[in-house]
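Have a look at the structure below, then the notes.
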Amino acid sequence: MEPTTLMLALIGFLFVILGLGVWIAVALATVGFVAIVVTLTLPPGAILATSMWQQLNSWDLTALPMFILMGDILFRTRLSQDMFEGLAPWLARLPGRLLHVNVVGCTIFAAVSGSSAATCATIGRISLGELKKRGYSDALAIGTLAGSGTIGLMIPPSIILIVYATATEQSVARLFIAGIVPGLMLTALFMAYVIVWALLNRHRMPPPEPKLPLRERIAKLRRLAPVVLLIVGVIGSIYGGLASATEAAAVGVFLALAVSWRAGTLDRETFSAALIAATKTSCMIAFILAGAAFLTTAMGFTGIPRMLAEWIGTMGLSQGMLLLALTLFFIVLGCFLDGISLVVLTTSIIMPLVGAAGIDLIWFGIFIVLVVEMAQITPPVGFNLYVLQSLTGRDIFRLGWYTAPFFLIMCFAAFLLALFPDIALWLPRTMLQ
16 MEPTTLMLAL IGFLFVILGL GVWIAVALAT VGFVAIVVTL TLPPGAILAT
66 SMWQQLNSWD LTALPMFILM GDILFRTRLS QDMFEGLAPW LARLPGRLLH
116 VNVVGCTIFA AVSGSSAATC ATIGRISLGE LKKRGYSDAL AIGTLAGSGT
166 IGLMIPPSII LIVYATATEQ SVARLFIAGI VPGLMLTALF MAYVIVWALL
216 NRHRMPPPEP KLPLRERIAK LRRLAPVVLL IVGVIGSIYG GLASATEAAA
266 VGVFLALAVS WRAGTLDRET FSAALIAATK TSCMIAFILA GAAFLTTAMG
316 FTGIPRMLAE WIGTMGLSQG MLLLALTLFF IVLGCFLDGI SLVVLTTSII
366 MPLVGAAGID LIWFGIFIVL VVEMAQITPP VGFNLYVLQS LTGRDIFRLG
416 WYTAPFFLIM CFAAFLLALF PDIALWLPRT MLQ
């Protein structure tokens, strides 16, 4: 069978079985199995076992369940309430006032969670009720939460960056450092939008909160101490060269247990619930990675990635045009797949194209995560929208309308990242010379 015909047939087969509701990991492995049976005489079972073992036998991947467990433990503490009360007095004087708590709170929690959905749910449990009670716009309260929740994918320790590093054999620590400035850039852009909106819609803003004395504001700021301790312990140990990403994950779990114990939420029931939830999530991600590894191996045998790279090369696309095409491709796929599945599904095909175009793989990891962030707030499969639907009971397409401005802001951020690659590359180049 011609490679082009085989590629189209395999892609069509993949979407058919995904549309039938087959688990993503099983669907990926099935397509890989079919590709090997059609093109080779080798036993597919042996290739399946070897590729899956090589993918999962990774030291960097050990950090994944630890960071997931850390986030699940923190999800069951009073951390979100403490963050709201600690940040509110300091942000209430900015135009947009307490709407900034969503943005800054999500950014801070992202630095100790690594999960977009967990960030959105944890901050939203407290902030949405508080903002509604004070008379803030529902559309902007929900939009800022959905958009800012995606920062959990970018700010380290990011689960999806670990998945990307494992799938492409890149440095987890370097990717973590590369995600800091783009993540903070997104925070600044979201806050700037809130400020502009508030200045243009003064009549829709509630009356300002009573100004607290400086002493009281400082006292409330102390409630951020646990999360600051976590950030310093986890991120600081990596950047200071004291621990690898995996060792820092273990530090994070220990500190999360300490914070939970200090908050009085650490008991047998909450610990068991966090452990079970983290185990389920970790197994799901590992299963997807294993299926994707087999598909990647199968694609290598078929020669499809090489053929696709040569075909793109004959088109003479510039780096900018290639990135635009890949962005549109990921946005469309993001309407149907979650972020982790999107990354592991496409790496076997996309990486040869990216490498052939001379694009830095660390930079591309940050770029692809930014594009995947957009997919978190696009119907019908935007995970953050499902989280918000459970919190608010609103229709998912109405929620998508609320988040549209933040989707456009992320498009602008992707443009800036492509125009100025040093936004992602300057910090790792400086710190890891």
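According to the working numbering, the stretch in the sequence shown is residues 16 to 448, in order.
C-beta: ideal position from N, C-alpha, C; glycine also.
Note that the structure is predicted; figures quoted are calculated from it, not measured.
Using the Cβ count rule (16 or more neighbours within 10 Å means buried), how would you classify residue i?
| i | result |
| --- | --- |
| Pro221 | exposed |
| Gly167 | buried |
| Ser405 | exposed |
| Asp97 | buried |
| Leu43 | buried |
| Ile246 | buried |
| Val386 | buried |
| Val196 | buried |
| Phe30 | exposed |
| Leu357 | buried |
| Phe382 | buried |
| Phe427 | exposed |
| Ile192 | buried |
| Leu229 | exposed |
| Val347 | exposed |
| Thr261 | buried |
| Val223 | The question names Val, yet the displayed sequence has Pro at residue 223. Classification of Pro223: exposed, given that the 10 Å Cβ count is below 16. |
| Gly60 | exposed |
Is residue i helix, strand or coil when you go by DSSP?
| i | result |
| --- | --- |
| Ile374 | coil |
| Gln391 | coil |
| Asn117 | helix |
| Glu224 | coil |
| Gly306 | helix |
| Ala107 | coil |
| Ala180 | helix |
| Ala24 | helix |
| Gly255 | coil |
| Leu57 | coil |
| Gly36 | coil |
| Ser275 | helix |
| Arg93 | coil |
| Gly408 | coil |
| Ser287 | helix |
| Pro172 | coil |
What residue does the alpha helix (DSSP H) around residue i start on, and which one ends it?
| i | result |
| --- | --- |
| Ile166 | Segment: none, Ile166 is in no alpha helix (DSSP H) and carries neither H nor E. |
| Ser186 | That residue, Ser186, is in no alpha helix (DSSP H); it is neither H nor E in DSSP. |
| Lys147 | Ser131 to Lys148 |
| Thr45 | Ile39 to Thr54 |
| Met81 | Ala78 to Phe90 |
| Arg237 | Taken as a continuous stretch (DSSP letters only), Arg237 belongs to no alpha helix (DSSP H), as it is neither H nor E. |
| Asp437 | Asp437 to Met446 |
| Tyr151 | Taken as a continuous stretch (DSSP letters only), Tyr151 belongs to no alpha helix (DSSP H), as it is neither H nor E. |
| Pro197 | Ile195 to Leu215 |
| Ala433 | Ile411 to Leu434 |
Cβ of residue i within 7 Å of Cβ of residue j?
| i | j | result |
| --- | --- | --- |
| Leu160 | Asn216 | no |
| Ile253 | Ala188 | yes |
| Val249 | Ala240 | no |
| Ile83 | Ile303 | no |
| Ile365 | Ile300 | no |
| Ile51 | Phe99 | no |
| Thr296 | Thr92 | no |
| Val127 | Val242 | yes |
| Thr137 | Ala125 | no |
| Arg108 | Ser152 | no |
| Asp87 | Ala292 | yes |
| Thr510 | Ala182 | The structure shown does not extend to residue 510, since the chain spans only 16 to 448, so no value can be given for it. |
| Thr54 | Thr311 | no |
| Val41 | Leu25 | no |
| Met169 | Val384 | yes |
| Gly380 | Leu155 | no |
| Met85 | Ala289 | no |
| Gly101 | Arg283 | no |
| Leu63 | Phe309 | yes |
| Leu423 | Leu400 | no |
| Ala265 | Met81 | yes |
Who are the Cβ neighbours of residue i in its own chain at under 6 Å, not counting the five residues just before and after it?
| i | result |
| --- | --- |
| Leu338 | Ala433 |
| Gly111 | Val209, Ile210 and Ala213 |
| Trp378 | Pro436, Ala439 and Leu440 |
| Thr165 | Ser131, Glu388 and Gln391 |
| Phe430 | none |
Please list, in chain order, all residues of the same chain as residue i whose beta carbon is under 7 Å from its beta carbon, the five residues on each side excluded.
| i | result |
| --- | --- |
| Ala103 | Leu113 and Val116 |
| Leu79 | Ile174, Ile177, Ser297 and Ile300 |
| Phe421 | Gly158, Ala161, Gly162, Phe205 and Ile392 |
Could you name the residues of the same chain whose beta carbon sits closer than 8 Å to that of residue i, not counting the 5 residues immediately before and after it, in chain order?
| i | result |
| --- | --- |
| Leu106 | Arg112, Leu113, His115, Val116 and Val119 |
| Arg277 | Pro241 |
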